[in-house]
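J.: Quick one: structure below, then a few questions.
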């Protein structure tokens, strides 16, 4: 399991650093659960029910067929990071299905991710992925993120 910030694309890495800095300013200790993922690791996540996509941004751009402006090495890098509040990680480890998406610490991750114009998995359905943050790369990603931001979050009532 890869947790290295060096595996993030040149477009995503500075945004991820900013996200981590903002969470630190909020005195929220987080664990980097995963950055780059192999196809085998991603297949295992799909089988375990912690992912429903065949095109994860945790997988290297080259394997997703993504060719964008950036540094030459970006084809072997990813555009997503999974974070977990450290206190939650101590209780449940990396098993995302045990995490409570309504936990206020996940809400803080989402607030800061969305302030940085990242797509946040805490707004997703089946499965909700409250520690997932990814770079918006395409107009389609932008459309998804815009629609997701209109949803009420777990534990929030109109």
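In our numbering, the protein residues as written are 11 to 168. Here a beta-carbon is modelled for each residue, glycine too, at the ideal position from N, C-alpha and C.
(1) Output yes if chain B places a C-beta closer than 7 Å to the C-beta of residue 51; else output no.
(2) When DSSP labels each residue in this structure, what does residue 146 get in the three-state scheme?
(3) I'd like the list of long-range same chain contacts for residue 90, defined as Cβ closer than 6 Å, with 5 residues on each side in sequence excluded.
(4) In terms of residue numbering, what span does the alpha helix (DSSP H) encompassing residue 54 cover?
(5) Decide if the segment 81-96 is in contact with the segment 133-148; the criterion is three or more beta carbon pairs, one per stretch, under 8 Å apart.
(6) Suppose you measure from the CA of residue 2 to the CA of residue 85; what does that come to, to the nearest Å?
(7) Is the distance from the Cβ of residue 40 to the Cβ of residue 49 below 7 Å?
(8) Distance check for residue 97 and residue 74, CA to CA, integer angstroms please.
(9) Using a Cβ distance threshold of 8 Å, determine whether the segment 122-136 contacts the segment 153-160, with at least three qualifying pairs required.
(10) I'd like the span of the beta strand (DSSP E) that includes residue 93, first residue to last.
(11) Got a sec? Which residues, its chain only, sit under 6 Å from residue 131 by beta carbon, not counting five neighbours each side?
(12) Near residue 152, what residues of its chain come up, given a Cβ to Cβ distance below 6 Å and the 5 sequence neighbours on each side ignored?
(13) Roughly how many angstroms lie between the CA atoms of residue 53 and residue 93, to the nearest whole one?
T.: Well, looking at it:
(1) Looking at the structure shown, chain B is missing, and only one protein chain is on hand.
(2) Residue state for residue 146 is assigned as coil, using DSSP reduced to three classes.
(3) 67, 68 and 144
(4) 49-58
(5) yes
(6) One cannot answer for residue 2 here, as it falls past the ends of the chain, which runs 11 to 168.
(7) no
(8) Their backbone Cα atoms lie some 33 Å apart in a straight line.
(9) yes
(10) Run containing residue 93: 90-95, per the beta strand (DSSP E) assignment.
(11) Excluding its 5 nearest sequence neighbours in each direction, residue 131 has C-beta neighbours in its own chain below 6 Å: 139 and 142, listed in chain order.
(12) 146
(13) 20 Å
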